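S.K.:
Numbering (UniProt numbering), first residue to last: 1 to 93.
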């Protein structure tokens, strides 16, 4: 489901400045920084608990692009001209 893939597991909102950590999980940069606040060296992934070096946060630009596309698609509405109803839908722009 695209919305779940575009959502941070910590804040449950769309990713903001997504980063990927060594175990392969993604988080908002601010969320993972707050989660690891006060820890100097190694920390654990909030999802899988694998020990990771917290300094190794890599920007995930592909995920950031996917989040922007998902947000745009979710804002689009398709109107039914027969019954005047409005439906959320994915429609090409």
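Each residue gets a CB set at the ideal place from its N, CA and C atoms; glycine is no exception. This one's a predicted model, so the numbers in the text were calculated from it and none came from an experiment.
Please give me, in chain order, every unbroken run of the beta strand (DSSP E) with length at least 3 that falls completely inside the UniProt domain "RING-type" (8-49).
M.R.: As far as the UniProt domain "RING-type" (8-49) is concerned, its whole beta strand (DSSP E) runs of at least 3 residues are 18-20, 26-28, 42-44.
S.K.: Thinking C-alpha only, which one of 42, 70, 74 is nearest residue 21?
M.R.: If you number the chain shown from 1, residue 21 lands on position 21. Comparing Cα-Cα distances from residue 21 to each of 42, 70, 74, the minimum goes to 42.
S.K.: For residue 17, which residues of its own chain have a beta-carbon under 8 angstroms away from its beta-carbon, when the five flanking residues on both sides are left out?
M.R.: Residue 17 sits at position 17 when you count from the first residue of the chain shown. Closer than 8 angstroms at Cβ, skipping near neighbours: 28, 29, 30, 59, 64.
S.K.: I need the boundaries of the beta strand (DSSP E) containing residue 53, first residue and last residue.
M.R.: In the chain shown, the residue the question calls residue 53 occupies position 53. Per DSSP, residue 53 belongs to the beta strand (DSSP E) from 51-53.
S.K.: Can you tell me whether residue 32 is buried or exposed, with buried defined as 16 or more other CB within 10 angstroms of its CB?
M.R.: Numbered from its first residue, the chain shown carries residue 32 at position 32. Its Cβ being crowded by 16 or more others within 10 Å, residue 32 is buried.
S.K.: I'd like to know whether the C-beta atoms of residue 36 and residue 54 end up nearer to each other than 8 angstroms.
M.R.: For this step, residue 36 is matched to residue 36 along the chain shown. For this step, residue 54 is matched to residue 54 along the chain shown. Taking 8 angstroms as the Cβ cut-off, residue 36 and residue 54 qualify as a contacting pair.
S.K.: Could you tell me which residues DSSP pairs with residue 58 in its beta bridges?
M.R.: Within the chain shown, numbered from 1, the residue matching residue 58 stands at position 58. Residue 58 pairs with 20.
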